[in-house]
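J.: Per the numbering used here: the sequence shown = residues 26 to 497. Glycine is no exception: its CB is placed at the ideal position from the N, C-alpha and C atoms. This structure is a prediction, so every number in the text was calculated from the model and none was measured. Below you'll find the structure I mean.
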Amino acid sequence: MATKVVMEALSPTMEEGRLVKWLKNEGDAVKTGDVLAEVETDKAIMELVARGDGIVRKRIGNEGDSSPVGTLLAVIAGSEENIDALLGKGVETSAGAESAETQEGAKSTAGATAVPDDAEQSQGEASTPAQEKSSAGSASESSPVIARTTVKAATAASTGQPGSGPTAAGTRAPSGSANAVNGGRPRSSPLARRLASERGVDISQVRGSGPGGRIIKRDVETAASAPADAAKPAAAAAPRIISHEGDFQDVPLTQIRKTIARRLVESIGPVPTFYLTAEFDATRAAEIRGQLKELGDDYKVSFNDIVIKAVASALFEHPEVNAHWMGDRVRHFNRVHVAMAVAVEEGLITPVIFDADRKSLGEISGEAKQLADRARQRKLTPEQYTGATFSVSNLGMFGIEHFTAIINPPEAGILAVGAVEEKAVVIDGAILARARMRVTMSCDHRVIDGATGAKFLQTVRRYFENPLLLLL
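Structural data, given as structure tokens:
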């Protein structure tokens, strides 16, 4: 039976994708789970996999083109099968219908981890990391299988027949994981998982060679010994070059830049924002950093790590700031998930450190480094960059003393962190040289009042200026 290959919703916020590279040619035989192409989403470069067995009979999408979710890109079918009906007059109508259905599925799949289009769709379980969410929800709460529409499956989906059932909300694995269990985490042996954890291998990117595609020890060892550059997406290795010829050059928007533009327009206009600026004494934080560095590289932490831990500890004490604006209500979270802004080549992405208040400074430092590396390689999964309850943006490493950051709805606040600099300050009547750092908090006035934000910053100051409290 012929299988349509469509632009899939590979991330919770994806509305369109750019076909970076075809990995299969017309006439190539493919099996379910084989990687057909690389697709640039709004956050990362991800793999588009085959949802059926057969031969790539026709490629419709062109490399470099952007297409809405649900657009027909290719057809997989038997060598003698007639595919004229799929390529004929009904294609546009079919693709349009699939687009609407698939985007609806994307919103459902995003579930609690996606930033909603409206208040009622806002993350009902945002305080729960996606990897911990239960898959035992009812059919009405689960998400339909996304963009796996064979001709037969499309009919089954409308009739509720087996094969068209829902997947667990928020647990869809990266599409490169052909050996995933019911669309969730990859099938792997306990030894393989432990070895992957020890060697820092992302097991979701490992292709299994065991029975039924199960990941075994040998697969992890092979992945760990592979050159680091080989794991990077081919498209991410080629920087965008701006020519100096002519009067100007128009550079097409990337998917991540389109998403940034759309999301920030939703913030700076509708959100009534005010700003609170304070200057912290960073002398003790600098001393702690120096002492930890002397213990070895395993103990090194950055100023940003200390800020994240201080913010997380303060958010636990001020749940009125650890909140989301839901349109008709304010949601205060009992768990603290801090997003950190990471600059990538083509924009900005905010991976999340979940339960940051419960983690040690060392754990936050290690996790922040891993997430930043994955972000720059465009390898973050949707579960790693959605679900934040508050954000931190730091431009201090670029020598920026002070700036204001834009709130990422539905979050109620974001903290902008400037550079740590030596300044002359007056202490007990004496002029002394001290390390100082300016921070500015952007507040959604619908959720946070001036006094509320000021008290929160006082608590952040107390933790940051007395970092020993963060080590207890």
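So what does DSSP say about MET365, is it helix, strand or coil?
T.: The residue given as residue 365 occupies position 340 in the sequence shown. MET365: strand per DSSP, three-state reduction.
J.: Sort out for me which residues DSSP pairs ILE333 with in a bridge.
T.: On the sequence shown, residue 333 is found 308 positions in, with the first residue counted as 1. In the DSSP output, where bridge partners are listed per residue, ILE333 has none listed.
J.: Specify the secondary structure class of LYS49 as computed by DSSP and reduced to three states.
T.: Taking the first residue of the sequence shown as 1, we reach residue 49 at position 24. Three-state result, LYS49: coil.
J.: In three-state DSSP terms, what is PHE481?
T.: Residue mapping note: residue 481 aligns to position 456 of the sequence shown, counting from 1. In the structure shown, PHE481 sits in a helix (DSSP, three-state: H, G or I).
J.: Smallest Cα separation from GLN402: which of ILE389, GLY387, VAL367, GLY421?
T.: Counting from one through the sequence shown, the residue named residue 402 turns up at place 377. Of ILE389, GLY387, VAL367, GLY421, the residue nearest in Cα terms is VAL367.
J.: Between the beta-carbon of ASP323 and the beta-carbon of GLY387, is there less than 9 Å?
T.: In the sequence shown, the residue the question calls residue 323 occupies position 298. In the sequence shown, the residue the question calls residue 387 occupies position 362. Yes, these two residues count as a Cβ contact at 9 Å.
J.: Does the region 428-441 come into contact with the region 52-59, if we say contact requires no fewer than three beta-carbon pairs (one atom in each stretch) closer than 8 Å?
T.: Result no; under three Cβ-Cβ pairs closer than 8 Å.
J.: Report the residue ranges of all alpha helix (DSSP H) runs contained in full by the region 353-425; include only those spanning at least 4 residues, in chain order.
T.: Correct list: 386-401, 407-410.
J.: Are the region 464-484 and the region 340-353 touching, with three or more C-beta to C-beta distances below 8 Å?
T.: Yes: at least three Cβ pairs fall under 8 Å.
J.: Indicate the three-state DSSP secondary structure (helix, strand or coil) for ALA102 in the structure shown.
T.: As a position in the sequence shown, residue 102 is number 77, starting the count at 1. In the structure shown, ALA102 sits in a strand (DSSP, three-state: E or B).
J.: May I ask which residues mark the beginning and end of the alpha helix (DSSP H) holding GLU436?
T.: On the sequence shown, position 411 is the one that residue 436 refers to. Taken as a continuous stretch (DSSP letters only), GLU436 belongs to no alpha helix (DSSP H), as it is neither H nor E.
J.: What do you get for ALA455, buried or exposed, if any count of 16 or more other CB atoms within 10 angstroms of its CB means buried?
T.: Reading the sequence shown from its first residue, position 430 is the one you call residue 455. ALA455 should be labelled exposed.
J.: Taking Cβ positions, are THR484 and SER338 nearer each other than 9 Å?
T.: Along the sequence shown, one-based indexing puts residue 484 at 459. Along the sequence shown, one-based indexing puts residue 338 at 313. The answer is yes: Cβ separation under 9 Å.
J.: Would you report the Cα separation of VAL361 and ALA449, rounded to the nearest angstrom?
T.: Taking the first residue of the sequence shown as 1, we reach residue 361 at position 336. Taking the first residue of the sequence shown as 1, we reach residue 449 at position 424. Between VAL361 and ALA449, the C-alpha separation is close to 36 Å.
J.: Using 8 Å as the threshold, is the region 38-45 in touch with the region 87-96, meaning 3 or more CB pairs across them?
T.: Touching, per the Cβ criterion.
J.: Please classify ASP453: is it buried, with 16 or more other beta-carbons within 10 angstroms of its beta-carbon, or exposed?
T.: In the sequence shown, residue 453 corresponds to position 428, counting from 1. Exposed.
J.: Is the region 399-415 close to the region 312-326, with three or more CB pairs under 8 Å?
T.: At 8 Å Cβ cutoff, the stretches do not touch.
J.: Just to confirm before moving on: does the CB-CB distance between ILE85 and ALA27 stay below 9 Å?
T.: Position 60 of the sequence shown holds residue 85. Position 2 of the sequence shown holds residue 27. No; because the gap between Cβ atoms is not below 9 Å, this pair is not in contact.
J.: Taking the DSSP output, what are the residues bridged to LEU97?
T.: By 1-based counting over the sequence shown, the position of residue 97 is 72. LEU97 pairs with VAL31.
J.: Can you tell me whether GLY238 is helix, strand or coil according to DSSP?
T.: Translated into the one-based positions of the sequence shown, residue 238 becomes position 213. Note: GLY238 maps to helix in three-state DSSP.
J.: Hey, GLY424 and VAL442 are a contact pair by Cβ (cut 8 Å); roughly how many whole angstroms apart?
T.: The residue given as residue 424 occupies position 399 in the sequence shown. The residue given as residue 442 occupies position 417 in the sequence shown. Rounded, the Cβ-Cβ distance is 13 Å, inconsistent with contact.
J.: What does LYS283 pair with, by DSSP beta-bridge criteria?
T.: Taking the first residue of the sequence shown as position 1, residue 283 is located at position 258. Bridge partners of LYS283: none, in fact.
J.: Rounded to whole angstroms, what is the Cα-Cα separation between ILE439 and MET32?
T.: The count along the sequence shown starts at 1 and reaches residue 439 at position 414. The count along the sequence shown starts at 1 and reaches residue 32 at position 7. So the two alpha carbons sit approximately 34 Å from each other.
J.: Which of the three DSSP states, helix, strand or coil, is assigned to ASP306?
T.: By one-based count along the sequence shown, residue 306 stands at place 281. Of the three classes helix, strand and coil, the one that applies to ASP306 here is strand, per DSSP.
J.: Quick check on DSSP: helix, strand or coil for ARG459?
T.: Locating residue 459 in the sequence shown gives position 434, where the first residue counts as 1. The answer is strand: DSSP assigns ARG459 an E or B state.
J.: To which residues of the same chain is LEU317 closer than 8 Å at the C-beta, ignoring the five residues directly before and after it?
T.: For the purposes of this step, residue 317 is taken as the residue at position 292 of the sequence shown. So the qualifying residues of the chain are TYR324, LYS325, VAL326.
J.: So, is the C-beta of GLN316 closer than 9 Å to a C-beta in chain D?
T.: No chain D appears in this structure, which consists of one protein chain only.
J.: For PHE358 and ALA110, I'd like the C-alpha separation in whole angstroms.
T.: By one-based count along the sequence shown, residue 358 stands at place 333. By one-based count along the sequence shown, residue 110 stands at place 85. Straight-line Cα distance between these residues: approximately 51 Å.
J.: Cβ atoms of ARG463 and GLU447: under 9 Å apart, would you say?
T.: As a working mapping, residue 447 is identified with position 422 in the sequence shown. As a working mapping, residue 463 is identified with position 438 in the sequence shown. No, these two residues do not count as a Cβ contact at 9 Å.
J.: Should VAL451 be labelled buried (16 or more other beta-carbon atoms within 10 Å of its own) or exposed?
T.: Sequence index remark: in the sequence shown, residue 451 carries index 426 (1-based). When all chains shown are included, VAL451 counts as exposed.
J.: How would you write the range of the beta strand (DSSP E) that LEU73 sits in, first residue to last?
T.: Taking the sequence shown and counting its residues from 1, one reaches residue 73 at position 48. Looking at the DSSP string, the run of the beta strand (DSSP E) that includes LEU73 is 70-74.
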